[in-house]
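J.: One structure, pasted below without further comment.
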Amino acid sequence: MVKNFVKKLQRTFLLAFKGLFFVALFAIFFGLFGLNERELWRASRTAAISMSTFAVAGVCFIKIYGGFAIGRKKSKEIAYSVMIAAFITDLITYFQISIMLINYEERAPLTQDVFTFAGVVILQVITIYLATYLGNYLYFRVNPPDTVVVVYGDKEGLVNFVSKINKYKKQYEIRTLCSIHDENLKQVIRDHQTVFLYSLPESDKDRLVEYCYKHRKNIYFTPNLADIVTKHSHHVLVDDVTVLESRVTGLTFEQSLIKRVCDIIVSALAILVSSPIMLLEALAIKLEDGGPVFFKQPRVTKDGQIFQVLKFRTMIVDADKNKKRLASQDDDRITKVGRVLRKLRIDELPQFINILKGEMSVVGPRPEQAEITEKYMEVLPEFRYRLKVKAGLTGLAQILGKYNTTPKDKLILDLMYIEQYSIWVDLRIMFQTVKVLFKSDSTEGVVGELPIDLEGHQAALEETEEIK
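Printed below as a string of structure tokens:
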């Protein structure tokens, strides 16, 4: 009883802290702009509309970029996400105020308030960093990490899996690795707060999920296709019997139509806005070696159809003539201009042409080469389900995955996107792609050792020495 009361009290304080944080961002924006535009401090239509705009946009974009997730994410990740959300909110409100004030004055404050806007951004960045680190510090001072047991079936990849959990030491403290065949498994589970299930047969996983649910244990497990389909199924009543309905045909006609209209609008605007940049890219490529501007390659899209994907050429001419190999970061085939284009992530801008032509979508699984697709399907038969929708310029696997995310994990993310598709999911992924563009790819390797006592489970570490 006391424990539940303490948890409710903590949640109340956390909610109040988040509220004060948002009020601080609000006060910084209107406090500074109000110094020059006193209309914002009066009971006026301009103040009411602009404050409403800031409040609605702020809540929406903070939600889109993952929220002020104190206690659930690392401070740096939270701060980075909220800064982008705050900047977009500031920009929208800034333009809205500028347009409204033109009606009151004969000047456009847009050009005169740039320094005020910069001051707002700087103060908000400082506030976000302080609030984020203070919030996480206080949260983890009163909330120690959950004690964790990892229950595994197959040891392959176990070290990598555990190393990823160990990155969140403030949330999870791994105390035991326990085989599914351990005779004391149930007692071990009862002795821990959180259970991670790794590479278990479906029958064992279902049994342990039910057992953990019965004993009020937090459960984490990697999903398979059935889990993804079940999660996004629709509840239907057949008389008084509850059943789950799962779509097997991909997107509905209405969803496909709306998605196509959005693709046309977004790609047309993107081509229009980025055309000066693309012209400069084309000129730079041509001046460097006189070769072709575009790189074309057959890729697979919806229903296995083949199309020619467009990219600005970033490698020497005929780079794959003698030997096909994947490009690496220090590949000697990459040109000087190509290295800059890749670093700025603007070499794929021509794919908006593919989108406008209807060969791709803005959001969807990334297109693969036909031979690579066939090889993936041999190892991962579920890979064929990615072809239920058009290939995309960005997707869930691109915003949540990393450079070294395994093909299987990327496949799971792609299938999750397909099963939960909505226009709002697409919009959220588009906005989150902006965040990814300003982050360098993660290329970290696997941790070589685990800082825990395995108590008889040292065999789980046999593969560690093979990883350099």
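If you read the sequence shown in full-length UniProt numbering, its first letter stands for residue 1, the second for the next number, and so on. C-beta: ideal position from N, C-alpha, C; glycine also. Predicted, not measured: the structure shown is a model, and the values here were computed from it.
#1: Tell me the rounded alpha-carbon separation between Y137 and S75.
#2: State buried or exposed for Q187, treating a residue as buried only when at least 16 other CB atoms are found within 10 Å of its CB.
#3: Of the choices V150, N143, L400, D191, whose alpha-carbon is the least far from that of I70?
#4: Just reading off the alpha helix (DSSP H) that I423 is part of, what are its end residues?
#5: Can you tell me the Cα-Cα spacing of E368 and L400, whole angstroms?
#6: Distance, Cα to Cα, L341 vs V389?
#7: Checking 8 Å against the spacing of the C-beta atoms, do D289 and V317 come in under that value?
#8: Excluding the 5 residues flanking D182 on each side, which residues of the same chain have their C-beta closer than 8 Å to its C-beta?
#9: Which runs of the alpha helix (DSSP H) fall wholly inside the region 221–259 and span at least 4 residues, in chain order?
#10: Kindly indicate the opening and closing residues of the alpha helix (DSSP H) around R333.
#11: Compute the Euclidean distance between the alpha carbons of H215 and M315, then round it to the nearest angstrom.
#12: Rounded to whole angstroms, what's the CA-CA distance from Q96 to T394? Just pull it up for me.
#13: Taking the Cβ atom as the reference point for each residue, do S422 and G392 lie within a distance shorter than 8 Å?
#14: Determine the extent of the beta strand (DSSP E) in which T406 is found, giving its start and end residues.
#15: Would you mind sorting S236 into buried or exposed? The rule is 16 or more other CB atoms within 10 Å of its CB.
#16: Which residues mark the beginning and the end of the alpha helix (DSSP H) in which G135 is found?
#17: If you reduce the DSSP assignment to three classes, tell me which class V293 lands in.
#18: What is the rounded straight-line gap between the Cα of I258 and the Cα of W424?
#19: When DSSP builds the beta bridges, which residues end up paired with V363?
#20: Is D206 a contact residue of the ligand MN, with contact defined as CB to any heavy atom under 7 Å?
#21: My output table needs one value for V151: the three-state DSSP class, helix, strand or coil.
#22: Closest to F307 by C-alpha separation, out of G19, N354, C262, I346, would be which residue?
#23: CB-CB under 8 Å to V120, same chain, minus the five flanking residues each way: which ones, in chain order?
#24: Looking at the secondary structure, which residues open and close the beta strand (DSSP E) in which Q351 lies?
#25: Less than 8 Å between the C-beta atoms of T46 and L101, yes or no?
#26: Under the assumption that L415 contacts I228 (Cβ atoms under 8 Å), give the Cβ distance between them as a whole number of angstroms.
#27: Determine the closest residue to I62 out of S98, A43, M83, S52, with distance taken between C-alpha atoms.
#28: Assign F383 to one of three DSSP states: helix, strand, or coil.
#29: May I have the straight-line CA-CA distance separating G157 from L200, to the nearest angstrom?
#30: Can you tell me the Cβ-Cβ gap for N218 and D146, rounded? I've got them flagged as a contact below 8 Å.
#31: Let's test the definition: count the other Cβ atoms within 10 Å of the Cβ of Q398 and tell me whether it reaches 16, buried, or not, exposed.
#32: Check each candidate in D409, S50, P350 and name the one with the smallest Cα separation from Y376.
#33: In whole angstroms, what is the alpha-carbon distance linking R333 and N166?
#34: Let me know the secondary structure DSSP gives S75 once reduced to three states.
#35: Is F68 buried or exposed, if buried means 16 or more other CB atoms sit within 10 Å of its CB?
#36: Does DSSP put F307 in a helix, a strand or coil?
T.: Here's the rundown:
#1: Translated into positions along the sequence shown, residue 137 becomes position 137. Translated into positions along the sequence shown, residue 75 becomes position 75. The straight-line gap from Cα to Cα measures roughly 9 Å.
#2: The count along the sequence shown starts at 1 and reaches residue 187 at position 187. Counting Cβ neighbours within 10 Å, Q187 comes out exposed, since fewer than 16 surround it.
#3: Walking along the sequence shown from the start, residue 70 turns up at place 70. Checking every option, the nearest Cα to that of I70 belongs to N143.
#4: As a first step, residue 423 must be located in the sequence shown, where it is residue number 423. That run of the alpha helix (DSSP H) goes 423–437.
#5: Residue numbering aside, residue 368 sits at position 368 when the sequence shown is read from its first letter. Residue numbering aside, residue 400 sits at position 400 when the sequence shown is read from its first letter. Straight-line Cα distance between these residues: approximately 19 Å.
#6: Indexing the sequence shown from 1 puts residue 341 at position 341. Indexing the sequence shown from 1 puts residue 389 at position 389. Taking the straight line from one Cα to the other gives about 28 Å.
#7: One-based indexing of the sequence shown puts residue 289 at position 289. One-based indexing of the sequence shown puts residue 317 at position 317. Closer than 8 Å, so yes.
#8: Position 182 of the sequence shown holds residue 182. Excluding positions up to five away in sequence, the list reads V188.
#9: 225–231
#10: Working through the sequence shown from its first residue, we reach residue 333 at position 333. No alpha helix (DSSP H) contains R333, which DSSP labels as neither H nor E.
#11: As a first step, residue 215 is located in the sequence shown; it is residue number 215 there, counting from the start. As a first step, residue 315 is located in the sequence shown; it is residue number 315 there, counting from the start. Whole-angstrom Cα-Cα distance: 57 Å.
#12: The residue you call residue 96 lines up with position 96 of the sequence shown. The residue you call residue 394 lines up with position 394 of the sequence shown. Approximately 29 Å between the Cα atoms of the pair.
#13: Position 422 of the sequence shown, counted from the first residue, corresponds to residue 422. Position 392 of the sequence shown, counted from the first residue, corresponds to residue 392. No, Cβ-Cβ distance for S422 and G392 is not below 8 Å.
#14: Taking the first residue of the sequence shown as position 1, residue 406 is located at position 406. Per DSSP, T406 belongs to no beta strand (DSSP E) and is neither H nor E.
#15: Taking the first residue of the sequence shown as position 1, residue 236 is located at position 236. It should be pointed out that residue 236 corresponds to Val in this sequence rather than to Ser. Exposed: under 16 other Cβ atoms inside 10 Å.
#16: One-based indexing of the sequence shown puts residue 135 at position 135. Per DSSP, G135 belongs to the alpha helix (DSSP H) from 114–142.
#17: In the sequence shown, counting from the first residue as 1, residue 293 sits at position 293. Note: V293 maps to coil in three-state DSSP.
#18: The sequence position of residue 258 within the sequence shown is 258, counting from 1. The sequence position of residue 424 within the sequence shown is 424, counting from 1. Spanning the two alpha carbons is a distance of roughly 11 Å.
#19: Translated into positions along the sequence shown, residue 363 becomes position 363. Partner(s): T394.
#20: With respect to small molecules bound, the structure shown includes none, and the ligand MN cannot be examined in it.
#21: Position 151 of the sequence shown, counted from the start, is the residue given in the question as residue 151. Looking at V151 - three-state DSSP - the assignment turns out to be strand.
#22: In the sequence shown, residue 307 corresponds to position 307, counting from 1. Nearest option by C-alpha distance: N354.
#23: Here residue 120 refers to the residue found at position 120 of the sequence shown. Once the five neighbours on either side are set aside, the close Cβ partners of V120 are I28, F29, L32, F33, D90.
#24: As a working note, residue 351 is residue 351 in the sequence shown. Taken as a continuous stretch (DSSP letters only), Q351 belongs to no beta strand (DSSP E), being part of the alpha helix (DSSP H) at 351–357.
#25: Your numbering for residue 46 matches position 46 in the sequence shown. Your numbering for residue 101 matches position 101 in the sequence shown. Closer than 8 Å, so yes.
#26: Taking the sequence shown and counting its residues from 1, one reaches residue 415 at position 415. Taking the sequence shown and counting its residues from 1, one reaches residue 228 at position 228. That pair is a contact at about 5 Å.
#27: Taking the first residue of the sequence shown as position 1, residue 62 is located at position 62. Selected option, being the one with the closest Cα: M83.
#28: Numbered from its first residue, the sequence shown carries residue 383 at position 383. DSSP places F383 in helix when its eight states are reduced to three.
#29: In the sequence shown, the residue the question calls residue 157 occupies position 157. In the sequence shown, the residue the question calls residue 200 occupies position 200. Straight-line Cα distance between these residues: approximately 13 Å.
#30: Your numbering for residue 218 matches position 218 in the sequence shown. Your numbering for residue 146 matches position 146 in the sequence shown. Contact holds; Cβ gap of about 7 Å.
#31: In the sequence shown, counting from the first residue as 1, residue 398 sits at position 398. So Q398 counts as buried.
#32: By 1-based counting over the sequence shown, the position of residue 376 is 376. Ranking the options by Cα distance to Y376, first place goes to D409.
#33: As a position in the sequence shown, residue 333 is number 333, starting the count at 1. As a position in the sequence shown, residue 166 is number 166, starting the count at 1. Looking at the two C-alpha atoms, the distance is approximately 37 Å.
#34: Walking along the sequence shown from the start, residue 75 turns up at place 75. Note: S75 maps to helix in three-state DSSP.
#35: Stepping through the sequence shown from its first residue, residue 68 is reached at position 68. Buried.
#36: Walking along the sequence shown from the start, residue 307 turns up at place 307. Three-state result, F307: strand.
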